[in-house]
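7 is the number of the first residue of the sequence shown in our numbering; add one for each residue after it.
Yeah, the Cβ is synthetic: ideal placement off N, Cα and C, and Gly gets one too.
It should be emphasised that the depicted structure is a prediction, and the values quoted were computed from it without experimental measurement.
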Amino acid sequence: MESYTFTRSIPVEDQYDILVAGGGPAGSAAAISAARLGAKVLLVEATGCLGGMSTSGLVNTFGPMGDGTRTLIGGFTLELIEEMHARGFLGPEVTPQYWVTHYNRWIPFNPESLKRLLDEYCVIAGVDIRYFTRVVDADAEGHKVAGAIISNIEGLRYIRAKAFIDATGDAVLAAACGVPCKIAGRDWPFQPATVCSTYSGIDWDHPAYTTNRGTDAVREKVKTEYLPQANADGHFSHPDHFIAGMKKIGNVSGNLNGGHIYGLDGLSVKDLTEGMIRGRKLAVEYTEFYRKYVPGCERIELAATSPVMGVRDTRRIIGEFELTIADYSAGRQFPDQVAVYNRPADVHSTNASKEEYERFMQDMHGTGKLARGKSVGIPYSILVPKGSENLWVAGRCHSSDTKVHGSIRAQSAAFMMGQAAATAAVQAIATGAPACDLDTQELVESLRAQGSYLPQDTLSRTMTRSG
7 MESYTFTRSI PVEDQYDILV AGGGPAGSAA AISAARLGAK VLLVEATGCL
57 GGMSTSGLVN TFGPMGDGTR TLIGGFTLEL IEEMHARGFL GPEVTPQYWV
107 THYNRWIPFN PESLKRLLDE YCVIAGVDIR YFTRVVDADA EGHKVAGAII
157 SNIEGLRYIR AKAFIDATGD AVLAAACGVP CKIAGRDWPF QPATVCSTYS
207 GIDWDHPAYT TNRGTDAVRE KVKTEYLPQA NADGHFSHPD HFIAGMKKIG
257 NVSGNLNGGH IYGLDGLSVK DLTEGMIRGR KLAVEYTEFY RKYVPGCERI
307 ELAATSPVMG VRDTRRIIGE FELTIADYSA GRQFPDQVAV YNRPADVHST
357 NASKEEYERF MQDMHGTGKL ARGKSVGIPY SILVPKGSEN LWVAGRCHSS
407 DTKVHGSIRA QSAAFMMGQA AATAAVQAIA TGAPACDLDT QELVESLRAQ
457 GSYLPQDTLS RTMTRSG
């Protein structure tokens, strides 16, 4: 490809303590947590709201928050879920047991309400938010970042900061800083993408839903009876063996995580463009599927499709440590863990074959998933690019293998990673220690003081490292 040299002098803004790139679950938690700890924070987000896939992506279910015997979340994440419940922002059937003792129970919520709550939290905490803004480049030398270049309707700006948190999901800032990354499509097969959608006109009072566990029973029949029948009838333009299902968010409304777009490269704008076109067509096919096959959906209407693509995996940093499926299977706990989690390895089928679907179902429901009462630790070191002085990541661009990534890429885990990265960044600024050599005992104690659930018996002043 022919190259063009682009040179321009751009305005330099006043220095921030922390710049957070990306306002999804990880970035929102990072920005709010850092500001509450007294940092001057700039949060840049490409869309017009916070929440990322929770809101713009219409993925309206938080991943499991308990291990079947107790809640595993704490700190900011627990505060958020309890506030959403108190305000009626969760699904109508959701009780606190969903996050206290339920095992592998997903928690539906109203995306529009979450947008407003995250706005409110940021304003109260004093976070400087820039919507419709992206990080497009970075000023980094070696393992230290001096600044980032942002772009929005006002043009380009250079932002100085003492610390940086990449919560873009795609490791955009980290890659711009030269951080080595592993990449989907090169280092492992692409997971399919999904354009989620919102529907109205659902009769949730239909007898199929009002019997004992009716909603869950219908959702199970969609997966085991109605979807296979539709595939056999040739209803869909390509067979799809799995559907996460319709989740109730209102009296007549629901959100659907359904429809796979295979072979999509989330780092290709061509693929993302063609995928959105394809996804909107699939949403119509699913509207017709629910209307034809599913009770209570005879008058269903497609209200909206998500304005952003639901991409499950793109770049992951090479961190100070890589969390592996062996760690997950053993329920390994770490002295420097900043969260604990229990969720199946949700690595979707990489093609439409029955074999890949069966592999996916084995991962989700087989003997390899963590048992009730167990959890895996999420160590601090998977949030730190190897050798980094003042850059952290949070969310799905962390350092893990594919199977573990399928578990801890969930929104509830991302919120916890965001709070941990923010607390580490504030600590690094205060002490002068680099990200790669932070006192992790002090970090864990600080997170515990903020209410995080960190049950490890032994602490260490040094992080877990590979090798």
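Report task. Rounded to whole angstroms, what's the CA-CA distance from H91 to S60? Just pull it up for me. Result -> Position 85 of the sequence shown, counted from the first residue, corresponds to residue 91. Position 54 of the sequence shown, counted from the first residue, corresponds to residue 60. Distance between the alpha carbons of H91 and S60 is about 16 Å.
**Report entry** Between the CA atoms of V129 and G44 - distance to the nearest angstrom
**Finding:** Locating residue 44 in the sequence shown gives position 38, counting from the first residue. Locating residue 129 in the sequence shown gives position 123, counting from the first residue. When rounded, the distance between both Cα atoms is 14 Å.
Query - Cα-Cα separation, R166 to I249 - result: The count along the sequence shown starts at 1 and reaches residue 166 at position 160. The count along the sequence shown starts at 1 and reaches residue 249 at position 243. Each residue's Cα considered, the two are about 44 Å apart.
Requested in this report: Just list the beta strand (DSSP E) runs in the segment 308 to 358, keeping only unbroken ones of 3 residues or longer that don't cross its boundaries, in chain order.
Outcome: 321 to 323, 343 to 347
Requested in this report: Determine the contact status of Y232 and Y299, defining contact as a CB-CB distance below 7 Å.
Outcome: Indexing the sequence shown from 1 puts residue 232 at position 226. Indexing the sequence shown from 1 puts residue 299 at position 293. In contact: Y232 and Y299 (Cβ atoms closer than 7 Å).
Query - Assumed close pair I156, L49 - CB separation to whole angstroms, cut-off 8 Å - result: Here the question's residue 156 lines up with position 150 in the sequence shown. Here the question's residue 49 lines up with position 43 in the sequence shown. With a Cβ gap of about 11 Å, I156 and L49 do not count as contacting.
Query raised in the report: Would DSSP call T408 helix, strand or coil?
Result: Here residue 408 corresponds to residue number 402 of the sequence shown, with the count starting at 1. T408 falls in the helix class under three-state DSSP.
Query - Residue of G63, A27, I24 minimising C-alpha distance to R318 - result: As a working note, residue 318 is residue 312 in the sequence shown. When each option's Cα is compared against that of R318, the closest is G63.
Query - Per DSSP, the bridge partner or partners of R111 - result: Working through the sequence shown from its first residue, we reach residue 111 at position 105. Looking at the DSSP assignment, R111 forms no beta bridge with any residue, so it has no partner.
Query - Q486 vs F68 beta-carbon contact at 7 Å - result: As displayed, the chain neither begins before 7 nor continues past 473, which places residue 486 out of reach and without an answer.
**Report entry** Extent of the continuous alpha helix (DSSP H) to which A416 belongs
**Finding:** In the sequence shown, counting from the first residue as 1, residue 416 sits at position 410. Unbroken run through A416: none, as it is neither H nor E.
Report task. Specify the secondary structure class of Y164 as computed by DSSP and reduced to three states. Result -> By 1-based counting over the sequence shown, the position of residue 164 is 158. If DSSP states are grouped into helix, strand and coil, Y164 belongs with the strands.
Query - Given H354 as reference, the closest of H411, Y205, R140, A426 once Cα atoms are compared - result: Taking the first residue of the sequence shown as 1, we reach residue 354 at position 348. Minimum Cα distance to H354 is reached at H411.
Query raised in the report: Residues bridged to E147 by DSSP?
Result: Along the sequence shown, read from residue 1 onward, the residue named residue 147 stands at position 141. In DSSP, E147 forms a bridge with K150.
Query raised in the report: Under the DSSP definition of a beta bridge, which residues are partnered with V50?
Result: Taking the first residue of the sequence shown as 1, we reach residue 50 at position 44. The partner list for V50 (beta bridge, DSSP) reads A27, R136.
Query - In DSSP terms, what K254 is bridged to - result: The count along the sequence shown starts at 1 and reaches residue 254 at position 248. Note: K254 sits in a beta bridge opposite G260.
Query raised in the report: Should the segment 98 to 112 be regarded as contacting the segment 72 to 88, the criterion being three or more beta carbon pairs within less than 8 Å?
Result: yes
**Report entry** Beta-carbon spacing of M422, A345 below 7 Å
**Finding:** Reading the sequence shown from its first residue, position 416 is the one you call residue 422. Reading the sequence shown from its first residue, position 339 is the one you call residue 345. Contact: yes.
**Report entry** Residue burial classification, G29 (beta-carbon count within 10 angstroms, cutoff 16)
**Finding:** Taking the first residue of the sequence shown as 1, we reach residue 29 at position 23. It counts as buried.
Query raised in the report: At what residues does the alpha helix (DSSP H) containing V185 begin and finish?
Result: For the purposes of this step, residue 185 is taken as the residue at position 179 of the sequence shown. Here V185 belongs to no alpha helix (DSSP H), and DSSP marks it neither H nor E.
Query raised in the report: Name the DSSP beta bridge partners of D211, please?
Result: Locating residue 211 in the sequence shown gives position 205, counting from the first residue. DSSP lists no partner for D211.
Requested in this report: Would you be able to state if there are at least three C-beta pairs under 8 Å between the segment 428 to 443 and the segment 198 to 205?
Outcome: no
Report task. Report, in whole angstroms, the separation of the C-beta atoms of W210 and G132, which I expect to be a contact under 8 Å. Result -> As a position in the sequence shown, residue 210 is number 204, starting the count at 1. As a position in the sequence shown, residue 132 is number 126, starting the count at 1. Contact flag wrong, Cβ pair sits at about 40 Å.
**Report entry** Residue span of the alpha helix (DSSP H) that contains A194, given as start and end
**Finding:** Counted from its first residue, the sequence shown places residue 194 at position 188. Residue 194 is actually Trp in this sequence, not Ala. No alpha helix (DSSP H) holds W194; DSSP gives it neither H nor E.
Query - Span of the beta strand (DSSP E), counted from its first residue to its last, around T204 - result: Reading the sequence shown from its first residue, position 198 is the one you call residue 204. Unbroken beta strand (DSSP E) run through T204: 203 to 206.
Query - For T139 and W105, the rounded distance between their alpha carbons - result: The sequence position of residue 105 within the sequence shown is 99, counting from 1. The sequence position of residue 139 within the sequence shown is 133, counting from 1. Whole-angstrom Cα-Cα distance: 34 Å.
Requested in this report: Using beta-carbon positions only, say whether I414 and Y347 come within less than 7 Å of one another.
Outcome: Against the sequence shown, residue 414 aligns to sequence position 408. Against the sequence shown, residue 347 aligns to sequence position 341. Against a cut-off of 7 Å, the Cβ pair of Y347 and I414 comes out as a contact.
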